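Novice: In the numbering used here, the protein residues as written are 40 to 426.
In this text, a Cβ means the ideal position worked out from N, Cα and C, and glycines have one as well.
If you're wondering where the values come from, they're calculated on a predicted model, not measured in any experiment.
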């Protein structure tokens, strides 16, 4: 039986989709095709895998959490949104051609803007549509597709999604890459040359980096390195100037500041060796941190559409697994005082870790694949009856 999987744009949609594909293949379903955006991270990742794929045009509607009117009437925003409407239309017809050629038994959308033209094409052609939502607040593409979907898999318990049809919802959690669960603290200490007993903070701004977080680290770096050892994954855009900044630190401080544009194989060990993570509040990172029981200091994206990152962070705070600071109020002094509270309050790190672990799910990809497999088995039985 054939399965079409769509998702991409950022690592937050690509890697969970690949985790589900891996579980489907383990269940014996190997005839899978992946459809992604021709302008996302997947154009570098997917061709390296043993996987059939197509890349299509896709566009997204730019929305803003702050200064909404000013941003939306900006001429560049208007032109970009108009241009992306035509990309979606083109992607819709490209998707119809792919579906017509491939004729899958099911179409699975792992969120993101690239899923919209694929999902609409599948619905227009009468193909069964299954979708997954990573965040506590459903994104625009998935909200549109939810009208046509037979099943809606979600990362949070069903009661978080009050405006969606309960009969369609299935709580699966959010997929986490299995390799990230295999990190070693000892190996991390060797790789990153960590010394002594000072706490280790892992800082990351998302799969593409965060200029705000990188700038905050730069502003705070001298104070940070007096008390903590830092592993900082900054993304490509800010790497050069941050390396220049690092070169100006004392020799001792440089040994405590481990700067990378990107981590691949070493990421699992960076997670394992870290006492606290500072990150954006995208659900994919949160899912990884919770699966590993990592305490979190979350900085939601200020312009996050529908403020889904803010809601994600609030849920983690109520769970007791994280602290959260908003961009608009955050500076070096507030960051340092928050870190002091976390590390110097007796038992706080242990409490955060315990609550984080309680919310973690390590088998989400397997559960999601199970939902798809159950449907395919039902289809197979129906076909047998008709023979």
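#1: To the nearest whole angstrom, what separates the beta carbons of residue 330 and residue 401, a pair I think is in contact under 8 Å?
#2: Thinking C-alpha only, which one of 306, 307, 315, 75 is nearest residue 387?
#3: Give me the Cβ distance between residue 143 and residue 42, rounded to the nearest whole Å; I'm assuming they're in contact under 8 Å.
#4: Please check the pair residue 160 and residue 134, which I expect to be a contact at CB under 8 Å, by giving their CB distance rounded to whole angstroms.
#5: Which ranges would you report for the alpha helix (DSSP H) in the stretch 271-330 if only whole runs of at least 4 residues count?
#6: Would you report the Cα separation of residue 207 and residue 188, rounded to the nearest angstrom?
#7: Just to confirm my understanding: we take residue 49, look at its own chain, exclude 5 residues before and 5 after, and list those with CB closer than 8 Å. What are they?
#8: Hey, quick one: how far does the alpha helix (DSSP H) through residue 349 stretch, first residue to last?
#9: Using DSSP with H/G/I as helix, E/B as strand and the rest coil, what is residue 127?
#10: In the stretch 188-261, which residue ranges form an unbroken beta strand (DSSP E) of at least 3 residues, counting only runs that do not cross its ends?
#11: Does any heavy atom of the ligand HEM sit closer than 7 Å to the C-beta of residue 409?
#12: Apply the 10 Å Cβ neighbour rule to residue 13 and answer buried if 16 or more other Cβ atoms are within range, or exposed otherwise.
#13: With three or more C-beta pairs closer than 8 Å as the rule, is the stretch 258-275 touching the stretch 237-244?
#14: Counting Cβ pairs closer than 8 Å, one from the stretch 335-355 and one from the stretch 161-181, do we hit at least three?
#15: Return the residue from the list 65, 149, 165, 155 that minimises the CA-CA distance to residue 171.
#16: With distance defined between alpha-carbon atoms, name the residue in 234, 192, 257 nearest to residue 225.
#17: Report yes if the CB atom of residue 272 is closer than 8 Å to the CB atom of residue 296, and no otherwise.
#18: Where does residue 398 land, buried or exposed, given buried means 16+ other C-beta within 10 angstroms?
#19: On the DSSP bridge list, what partners appear for residue 171?
#20: Going by DSSP in three states, residue 76 sits in which element: helix, strand or coil?
Specialist: Short version:
#1: That belief holds up - the Cβ atoms of residue 330 and residue 401 are roughly 5 Å apart, short of 8 Å.
#2: If you compare the alpha carbons of 306, 307, 315, 75 with that of residue 387, the shortest gap goes to 315.
#3: The Cβ separation is near 6 Å, so the contact holds.
#4: Yes, they are in contact, since the Cβ atoms of residue 160 and residue 134 sit about 4 Å apart, within 8 Å.
#5: Counting only runs of 4 or more, we get 278-286, 290-295, 306-312, 322-330.
#6: Cα to Cα, the separation comes out at about 8 Å.
#7: Residues of the same chain with a CB within less than 8 Å of the CB of residue 49, apart from the 5 flanking positions on each side, are 79, 80, 151, 245, 246, 247 in chain order.
#8: Going by DSSP, residue 349 is part of the alpha helix (DSSP H) stretching over 347-358.
#9: Three-state DSSP puts residue 127 in a helix.
#10: Within the stretch 188-261, the complete beta strand (DSSP E) runs of at least 3 residues are 190-193, 208-210, 239-243.
#11: With respect to the ligand HEM, the structure shown offers nothing to examine, as it has no ligands at all.
#12: With the chain represented from 40 up to 426, any question about residue 13 goes unanswered, as that position is not in the structure.
#13: Cβ pair count under 8 Å is three or more, so yes.
#14: Counting C-beta pairs with one atom in each stretch, the stretch 335-355 and the stretch 161-181 have three or more that are closer than 8 Å, which means they touch.
#15: Selection 65, 149, 165, 155 evaluated against residue 171 yields 149 as nearest (Cα-Cα).
#16: It is 234 whose Cα lies nearest to the Cα of residue 225.
#17: Going by C-beta atoms, residue 272 is not nearer than 8 Å to residue 296.
#18: By the C-beta density criterion, residue 398 is buried, having at least 16 other C-beta atoms within 10 angstroms.
#19: Residue pairing for residue 171: DSSP places it in a beta bridge opposite 192.
#20: Looking at residue 76 - three-state DSSP - the assignment turns out to be strand.
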